[in-house]
Amino acid sequence: MCGIAGMLDAASAFDTLQAVKMGHHMAAAMRHRGPDGGGVFVDPTHRALLAHRRLAVVDLTPAGAQPMLSRSGRTAIVLNGEIYNFRELRARLAAAIGILHWRSGSDTEVLVEAIEALGLEKVLPMSAGMFAFAVLDRTSGRLTLARDRVGEKPLYFRFTASRILFASDADPIVAASGRPEIDVPALRDLLTYGAVQGPRC
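Sequential numbering of the sequence shown, starting at 8, is according to my numbering.
See the structure below:
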């Protein structure tokens with residue numbers, strides 16, 4: 008179990024130092040998800056923040072630390088979970104674009120390089136595992152959140168007037184934006200039907 012968190016901020020007054028502090032605050036709020044390390048990445052151009060808490064499983068070295076940038080630096084990622092077939096994807100990627108030397112033995116590196124080389128739309132169906140991740144295209148500023156098909160790994164998000172916040176659990180979101188108000192009709196649906204009906208789900 009790892010933890011991911013982050014933000015995309017549409018506000019014109021973006022303070023990089025404040026974003027770094029917020030990232031560390033969000034990461035600290037999910038320390039229980041990953042005792043083996045943590046990191047924060049801020050892209051001031053696109054007003055984006057990625058934070059991670061690490062439980063080292065696949066690659067135990069510092070080379071597997073996150074947030075992770077692609078070799079070119081154009082793509083940034085945080086991953087919670089595991090890509091089971093990353094060795095197969097690494098072999099396909101080596102054949103397709105000629106990456107022969109990898110910086111780590113991690114599934115995260117394979118995923119970020121595959122997304123940059125082949126595109127998320129092709130890589131996501133090829134990826135088998137249990138995962139939730141956030142990937143930032145630093146050229147376009149596009150932030151994409153994705154989960155495995157079954158939704159085994161949690162991914163929470165909150166929209167405010169100028170921000171999108173996301174995390175592996177609610178604690179980092181509350182740490183960054185304060186406790187949200189309870190949606191009474193959604194709570195009524197949950198207690199009545201055992202599920203929240205759309206569009207509140």
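Cβ atoms here follow ideal geometry from the backbone N, Cα and C, with glycine treated the same way.
* Asked: What does a CB cutoff of less than 8 Å around Thr-167 pick up in its chain, not counting 5 residues either side in sequence?
  -> Ser-184
* **Chain-order list of residues whose beta-carbon lies under 7 Å from that of Ala-121 (same chain, five-residue window excluded)** => Hits under 7 Å: Leu-96, Leu-100 and Val-130.
* Asked: How about Glu-89 and Asp-114: are their beta carbons less than 8 Å apart?
  -> The answer is yes: Cβ separation under 8 Å.
* Which one or two residues does DSSP pair with Asp-144 in a beta bridge? -> Thr-82 and Arg-149
* Given 8 Å as the limit, is there contact between the stretch 27–47 and the stretch 172–184, that is, 3 or more CB pairs closer than that? -> yes
* **C-beta contact flag for Ile-189 and Met-14 at 8 Å** => no
* Same chain, Cβ closer than 7 Å to Glu-116, five either side skipped, listed in chain order -> Met-75, Trp-109 and Arg-110
* Option nearest Pro-187 by Cα separation, candidates Arg-40, Tyr-163 and Tyr-200 -> Tyr-163
* What does Tyr-163 pair with, by DSSP beta-bridge criteria? -> Ala-174
* To the nearest angstrom, how far is it from the Cα of Leu-197 to the Cα of Met-37? -> 26 Å
* Report yes if the C-beta distance between Gly-136 and Tyr-91 is below 8 Å; otherwise report no. => yes
* Go through its chain and collect everything with a Cβ distance to His-127's Cβ below 8 Å, but skip five positions before and after it. => The sequence given here has Leu at residue 127, not His. Contacts found: Val-142, Thr-151 and Ala-153.
* To do: Apply the 10 Å Cβ neighbour rule to Val-119 and answer buried if 16 or more other Cβ atoms are within range, or exposed otherwise.
  => buried
* Nearest candidate by alpha-carbon position, reference Ile-84, set Ala-139, Ile-106 and Phe-93 -> Ala-139
* Nearest to Gly-41 (by Cα), restricted to the options Ala-72, Thr-52 and Phe-21 -> Taking only the C-alpha atoms, the option nearest Gly-41 is Ala-72.
* On the DSSP bridge assignment, give the partners of Phe-21 in chain order. => Note: Phe-21 sits in no beta bridge, so no partner.
* What does a CB cutoff of less than 7 Å around Arg-60 pick up in its chain, not counting 5 residues either side in sequence? -> The beta carbon of Arg-60 sits closer than 7 Å to those of Cys-9, Gly-10, Ala-34, Met-37, Arg-38, Arg-40, Gly-41 and Gly-45, all from its chain and outside the five residues before and after it, given in chain order.
* **DSSP-derived helix/strand/coil call for Pro-187** => Shown here, Pro-187 sits in coil according to DSSP, grouped into three states, outside any helix or strand.
* Inter-residue spacing [alpha-carbon to alpha-carbon] between Arg-81 and Leu-57 -> 14 Å
* Could you tell me if Leu-145 is buried or exposed, where buried requires 16 or more neighbouring beta carbons within 10 angstroms of its beta carbon? => Checking the sequence shown, residue 145 turns out to be Arg, not Leu. Buried: at least 16 other Cβ atoms inside 10 Å.
* Asked: Exposed or buried, Ala-98, counting other C-beta atoms within 10 Å across all chains shown (16 or more means buried)?
  -> Classification for Ala-98: exposed.
* **Coil, strand or helix - Pro-132 by DSSP** => helix
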